[in-house]
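When we follow my numbering, the leftmost residue of the sequence shown carries the number 372, and every step to the right adds one.
Quick reminder that beta carbons are idealized off the backbone N, C-alpha and C, glycines included.
Computed from a predicted structure; not experimentally measured.
All remarks here apply to the structure that follows.
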Amino acid sequence: MEKVFGKPESLSDRPFTYCPGCAHSLVHRLTAEAIDDLGVMPRCIGVASVGCSVFSDLYFNFDFIQAAHGRAPAVATGIKRVKPDCVLFTHQGDGDLASIGTAELIHSANRGEKITIIFVNNAIYGMTGGQMAPTTLIGMKTTTSPLGRQAEVQGYPLRVCELIRELKGVAYLERTAVNNPQNVLKTKRALKKAFQAQLDGLGFSLVEVVSQCPTGWGMLPADSLEWLEKEMGAYFPLGVFKDAKAEEPQEVA
């Protein structure tokens, strides 16, 4: 019998230990599928962030390095410059990338480092108890904003794609989601495009995946999917923010 579906080669046999309904495991699988489709697993090196994805190295069949909190893009830059032929990516959450890691993010993007950032945005600090994150929505209640986030007190939620799209070093930038099958497929395509931008030497690439956190949000998994589409989707619009390859001048016939 012909096998038509199975575990990606790039994923290890270790079971995921994320909370029920968490999107990190799904994003891992999509990343592995994209790597397999491109045939680059022997060249891959991953950098794990601090947060729910701290154990990312357990789930892939290639080398991983653990970075200090927020420093994954800096670590990735060093590896890529020493080993320019490797396919380098980071897997980071919003508490890591959009808070303590903003300097590393912005300057690696501005320099056009040939690395790929996979940014999982679930609007909360999931690992450490559900505190307010830089991407927490206005009015959203967390353990450190029990009355809901207030713009005049905590500021506004940070939109990462909008923040870095004008930087000249950015080659590919897309925001996706994984709350339904259609968006799951779009996320995989975005990951492949981001990796391809790196393979083509075009510069920095980032895919932001708007994701659910049922545990941190205090919701059932099914309810979290509906809330993501209604609330998160309204503030974090999905789409391609920059594609250097598509913007290249076309030859006149």
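Query                                                                                                                                                       : Result
What does the alpha-carbon distance come out to for the pair Arg-452 and Thr-473?                                                                           : 21 Å
Would you report the Cα separation of Val-580 and Thr-402, rounded to the nearest angstrom?                                                                 : 12 Å
8 Å is my cut-off, CB to CB: does Gln-525 come that close to chain D?                                                                                       : Judged by its chain identifiers, the structure shown contains no chain D, having just a single protein chain.
Grouping DSSP H, G and I as helix and E and B as strand, with all else coil, what is Met-503?                                                               : strand
Quick one: what's got a C-beta closer than 6 Å to Gly-500's C-beta in the same chain, skipping five residues either side?                                   : Thr-514
Using a Cβ distance threshold of 8 Å, determine whether the stretch 481-499 contacts the stretch 457-470, with at least three qualifying pairs required.    : yes
How many Å lie between Gln-621 and Glu-373 at the Cα?                                                                                                       : Bear in mind that a pLDDT of 44 at Gln-621, under 50, signals an unreliable position, so the number given afterwards is only what the model happens to contain. In a straight line, the C-alpha of Gln-621 is about 42 Å away from that of Glu-373.
Please confirm whether Lys-616 and Ala-565 have their CB atoms less than 8 Å apart.                                                                         : no
Taking 8 Å as the cut-off, does the stretch 569-576 touch the stretch 605-612 (at least 3 CB pairs, one atom from each stretch)?                            : no
Taking the beta strand (DSSP E) that Lys-613 belongs to, which residues open and close that run?                                                            : 610-614
Determine the extent of the alpha helix (DSSP H) in which Cys-532 is found, giving its start and end residues.                                              : 531-535
What span of residues does the alpha helix (DSSP H) with Gln-569 cover, start to end?                                                                       : 552-570
Are Pro-645 and Gly-392 touching if we call contact CB-CB under 8 Å?                                                                                        : This structure does not reach residue 645, given that the chain is present from 372 up to 624, and the question cannot be answered.
Going along the chain, which residues of its own chain have a beta-carbon closer than 8 Å to the beta-carbon of Leu-382, five neighbours each way excluded? : His-399, Arg-400, Ala-403, Tyr-430, Phe-431 and Asn-432
If you scan the stretch 428-489 from start to end, which runs of the alpha helix (DSSP H) of 4 or more residues do you find wholly inside it?               : 443-453 and 473-482
From the DSSP output, in three-state form, read off Leu-382 for me.                                                                                         : strand
Start and end of the beta strand (DSSP E) containing Thr-547?                                                                                               : 541-548
Skipping 5 residues on each side, what residues in its chain have a beta carbon closer than 6 Å to that of Asn-492?                                         : Asp-465, Thr-506, Glu-579 and Val-581
Excluding sequence positions up to five away, which residues of its chain have a Cβ less than 8 Å from the Cβ of Lys-559?                                   : Leu-401, Glu-404 and Ala-405
What is the DSSP secondary structure of Gly-417, reduced to helix, strand or coil?                                                                          : strand
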